[in-house]
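The structure appears right after this line, and notes come after that.
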Amino acid sequence: MTVARVVVSTRAPSSPGSTSEGTRPSAGSTSEGTPSPGSTSEGTPSGSTSEGGEGDAVLAQAAAVEANSEHPIGRAIAARAAQRGLTVPAATGFTNLAGAGVTAQVDGKTVAVRGPRDVSDIDATLAGVIADAQHAGATPVVVTADDVVTGVIVVGDEIKPSSAAAIAELTTMGLRPVLLTGDNAGAARHVADQVGIDEVIADVTPEQKVQAVQSLRDNGHNVAMVGDGVNDAAALATADLGLAMGAGTDVAIAASDITLVNSDLWSVADAIRLSRKTLTTIKENLFWAFAYNVAAIPLAAAALLNPMLAGAAMAFSSVFVVANSLRLRAFRPLRR
3 MTVARVVVST RAPSSPGSTS EGTRPSAGST SEGTPSPGST SEGTPSGSTS EGGEGDAVLA
63 QAAAVEANSE HPIGRAIAAR AAQRGLTVPA ATGFTNLAGA GVTAQVDGKT VAVRGPRDVS
123 DIDATLAGVI ADAQHAGATP VVVTADDVVT GVIVVGDEIK PSSAAAIAEL TTMGLRPVLL
183 TGDNAGAARH VADQVGIDEV IADVTPEQKV QAVQSLRDNG HNVAMVGDGV NDAAALATAD
243 LGLAMGAGTD VAIAASDITL VNSDLWSVAD AIRLSRKTLT TIKENLFWAF AYNVAAIPLA
303 AAALLNPMLA GAAMAFSSVF VVANSLRLRA FRPLRR
């Protein structure tokens, strides 16, 4: 994820002592950073800023709070502040609000970075920015200081080039992909369209993610959940199979059954393919072991089988099972 835009509230007081870089740009200046696909363009002169001025102050405040966050949005904000060379103040009392954002004490103020649905008293200008961002498939977050809205930061998703092909492979394998996210419906739909997912469940809390997974299970589906964040942990634990991205949070990794070290969706397909091959091998081994013994034991009991041949036959049975299992070593990932 990358920060595509910072818009300052026209009602927000300037932050004393903030480390601005440069001057506030005039109307029509270019947006902050390189916008990812779906991010909105720079807005009207109603306080939007991208380089220096109050925009940097808002970005620095948000980065101070997000410095302790493991969420992709938080990492994107912190990375953009570092890229801009901003002096990020120290934050204390960091609190993760499950499914609602983060908050901390910064320069004597309670600064929060939250989703628009969790913030009231948003002025018309910022409300328009939020609506435009969501419509374009981006993710807006609202920054507040002591419950006063100071600005909106728009973050865009960068889709991994391999994701669409990986989703297509999962569909070919007979799986039904569903995008389950706490992000807004516009951003979720934008991502889903790019990777080829038809079913989207958006704007949900961590508790609602668990409910969605449980609902699928109650309807007779075997559910595999792929996630990487704190908000995914409970759903990962609820699913029949939880897969955590290796770059995800510790709590998500702990709640999962499998950790995908390279954080690539192709690894999900590979893990399922390997598990299916392993299960097939187990069934083959059981079948031949039982069939072998069902045929040989009666012959041995009737003294129709030479003890030497019986011993050799039992040894051959073990060799067959081991050899058949060793075929799994020939498994190769679909994509390296």
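For the sequence shown, the numbering used here begins at 3 and goes up steadily by one. Just so it is clear, CB atoms sit at the ideal spot from N, CA and C, and this is done for glycine as well.
- Here DSSP, grouped into helix, strand and coil, assigns K111 to strand.
- In summary, P300 is exposed, with fewer than 16 beta-carbon neighbours lying within 10 Å of its beta-carbon over all protein chains present.
- Within the DSSP secondary-structure output, G101 pairs in no beta bridge.
- Per DSSP, L330 lies in no alpha helix (DSSP H) and is assigned neither H nor E.
- The alpha carbon of G313 has as its nearest neighbour, out of N326, Y294 and R331, the alpha carbon of Y294.
- E171 carries a helical assignment under DSSP once its states are collapsed to helix, strand and coil.
- Apart from the 5 residues on each side of it in sequence, V193 sits with its Cβ closer than 6 Å to the Cβ of D159 in its chain, given in chain order.
- Rounded to the nearest angstrom, the gap between the Cα atoms of A226 and E201 is 15 Å.
- Looking only at G229, T127, V270 and S327, the smallest Cα-Cα distance to D252 is reached by G229.
- CA-to-CA, the gap between Q210 and G117 works out to about 16 Å.
- DSSP places G248 outside both helix and strand once states are collapsed to three, so it counts as coil.
- For P142, the uninterrupted beta strand (DSSP E) segment begins and ends at T141 to A147.
- Going by DSSP, T152 is part of no alpha helix (DSSP H) but of the beta strand (DSSP E) stretching over V150 to G158.
- With 16 or more other Cβ atoms inside 10 Å of its own Cβ, P142 counts as buried.
- Distance from L245 to V270 at the Cβ level is roughly 6 Å; contact confirmed, criterion being Cβ atoms closer than 8 Å.
- If you check the CB distance, T240 and V215 come in under 8 Å.
- Each of Q213, F333 and D259 was checked against the Cα of R275, and the nearest Cα belongs to F333.
- Put simply, the backbone Cα of F292 is about 47 Å away from that of P163.
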